[in-house]
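Q: Residue numbering for the sequence shown follows my numbering, beginning at 6 and increasing consecutively.
Quick reminder that beta carbons are idealized off the backbone N, C-alpha and C, glycines included.
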Amino acid sequence: MPQNEHIELHRKRYGRKFDYEERKRKKEARQAHTRALYAQRIHGLRAKMYNKQRFQEKAEMRKTIAMHEERSNKHADDEKIPDGAVPAYLLDREGVSRAKVLSNTIKQKRKEKAGKWAVPLPSVRPMAEDEIFKVVKSGKRKKAMWKRMVNKVCFVGDSFTRKPPKYERFIRPAALRFKKAHVTHPELQTTFYLDIIGVKKNPQSAMYSTLGVITKGTI
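Shown next, in the form of structure tokens:
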């Protein structure tokens, strides 16, 4: 027998304490209060990391609850026509079909989002990363090369605030941040100077869509 399995062996021979299950249940019930108290008392970097972990757990739980939540769905059934006279108390229920629907709101929203912008994209020449980003050397001796300067036109919203320059990985120069664009109407043959609402999809990469980089074929 391996040396480290003496606890399992003891449990097999003598079992656990009589109140083990009850104590375990109570400990799990108290866990929420214990964690909340711990979250209140810690500070600094440890607090940031712990709160981020809790936020992810809660988000995961909300998704799981939404996926398993069932609601009753009523809709009028036009095909169902009753034979003969219908009592007064049944008139309001006439032709109503009831069905259990799996309410998966998150997936539904994702489908709507995907379908909304599904327009035929033109065949676009793929761009190399060097063409869009320029390597920026940083640090005291200019040896760190993790920063990138965006060479293309990009869009950022009105509420955009730069990160502290020391920690900013992707630098979008102020001169290349556009808020308006010339849009030509194909039928009217007229050009309008309109505000850019947002960058929904860049065919080059999802990362460029997030950064708001505008290249050929961008929606």
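Counting along the chain, where does the alpha helix (DSSP H) carrying Lys50 start and finish?
A: The residue you call residue 50 lines up with position 45 of the sequence shown. The sequence shown places Leu at residue 50, rather than the Lys named in the question. 50-73 is the span of the alpha helix (DSSP H), which, as asked, contains Leu50.
Q: Output the boundary residues of the beta strand (DSSP E) element that contains Arg153.
A: Residue mapping note: residue 153 aligns to position 148 of the sequence shown, counting from 1. Looking at the DSSP string, the run of the beta strand (DSSP E) that includes Arg153 is 149-155.
Q: Under DSSP, the beta strand (DSSP E) around Ser143 begins and ends at which residues?
A: Taking the first residue of the sequence shown as position 1, residue 143 is located at position 138. Per DSSP, Ser143 belongs to the beta strand (DSSP E) from 138-143.
Q: Tell me where the beta strand (DSSP E) around Ala186 begins and ends.
A: Locating residue 186 in the sequence shown gives position 181, where the first residue counts as 1. Residues 185-190.
Q: In or out: Lys152 buried (at least 16 other Cβ within 10 Å) or exposed?
A: The residue given as residue 152 occupies position 147 in the sequence shown. Burial call: buried.
Q: Please report how far the alpha carbon of Tyr25 lies from the alpha carbon of Lys32, in whole angstroms.
A: Here residue 25 refers to the residue found at position 20 of the sequence shown. Here residue 32 refers to the residue found at position 27 of the sequence shown. About 10 Å.
Q: Please classify Val155 as buried or exposed, where buried requires at least 16 other C-beta atoms within 10 Å of its C-beta.
A: The count along the sequence shown starts at 1 and reaches residue 155 at position 150. So Val155 counts as buried.
Q: Keeping to the same chain, check which residues put their C-beta closer than 8 Å to that of Met212; ignore five residues upstream and five downstream.
A: Taking the sequence shown and counting its residues from 1, one reaches residue 212 at position 207. No residues qualify anywhere along the chain.
Q: Return the chain-ordered ranges of every beta strand (DSSP E) run that is complete within the segment 157-218 and spans a minimum of 3 residues.
A: If we require 3 residues or more, the beta strand (DSSP E) runs fully inside the segment 157-218 come out as 185-190, 195-200.
Q: Identify, in the order they occur along the chain, each residue of the same chain with its Cβ nearer than 8 Å to the Cβ of His15, setting aside the five sequence neighbours on each side.
A: Within the sequence shown, numbered from 1, the residue matching residue 15 stands at position 10. If we look at His15 and ignore the five residues flanking it on each side, it has no Cβ neighbours.
Q: Helix, strand or coil for Lys32? Go by DSSP, reduced to three states.
A: Counted from its first residue, the sequence shown places residue 32 at position 27. DSSP places Lys32 in helix when its eight states are reduced to three.
Q: Whose C-alpha, out of Pro178, Gln61, Asp163, Lys168, is nearest the C-alpha of Asp200?
A: Position 195 of the sequence shown, counting from 1, holds the residue named residue 200. Comparing Cα-Cα distances from Asp200 to each of Pro178, Gln61, Asp163, Lys168, the minimum goes to Asp163.
Q: Is it buried or exposed, Ile137, if we count other Cβ atoms within 10 angstroms and call 16 or more buried?
A: For the purposes of this step, residue 137 is taken as residue 132 along the sequence shown, with counting starting at 1. Flag for Ile137 reads buried.
Q: In terms of residue numbering, what span does the alpha helix (DSSP H) encompassing Glu13 cover?
A: The residue labelled residue 13 in the question sits at position 8 within the sequence shown. Here the alpha helix (DSSP H) through Glu13 covers 11-19.
Q: Measuring alpha carbon to alpha carbon, tell me which of Cys159, Ile12, Arg35 ends up nearest Gly203.
A: By 1-based counting over the sequence shown, the position of residue 203 is 198. Nearest of Cys159, Ile12, Arg35 to Gly203, Cα basis: Cys159.
Q: Roughly how many whole angstroms lie between the Cα atoms of Ser4 and Thr196?
A: The structure shown does not extend to residue 4, since the chain is modelled only from 6 through 224, so no value can be given for it.
Q: Run through DSSP, which three-state label would Arg40 get?
A: The count along the sequence shown starts at 1 and reaches residue 40 at position 35. It is helical.
Q: What's the gap between the Cα of Gln8 and the Cα of Arg18?
A: Numbered from its first residue, the sequence shown carries residue 8 at position 3. Numbered from its first residue, the sequence shown carries residue 18 at position 13. Taking the straight line from one Cα to the other gives about 16 Å.
Q: Tell me whether Leu216 is buried or exposed, calling it buried when 16 or more other Cβ atoms sit within 10 Å of its Cβ.
A: Numbered from its first residue, the sequence shown carries residue 216 at position 211. The residue is buried, with at least 16 neighbouring Cβ atoms inside 10 Å.
Q: Reducing DSSP to helix, strand and coil, say where Arg130 ends up.
A: Along the sequence shown, one-based indexing puts residue 130 at 125. Here Arg130 sits in coil by DSSP.
Q: Assign Thr166 to buried or exposed, taking buried as 16 or more other Cβ atoms, counted over all protein chains shown, within 10 Å of its Cβ.
A: Within the sequence shown, residue 166 is the residue found at index 161, counting from 1. With fewer than 16 Cβ atoms within 10 Å of its Cβ, Thr166 is classed as exposed.
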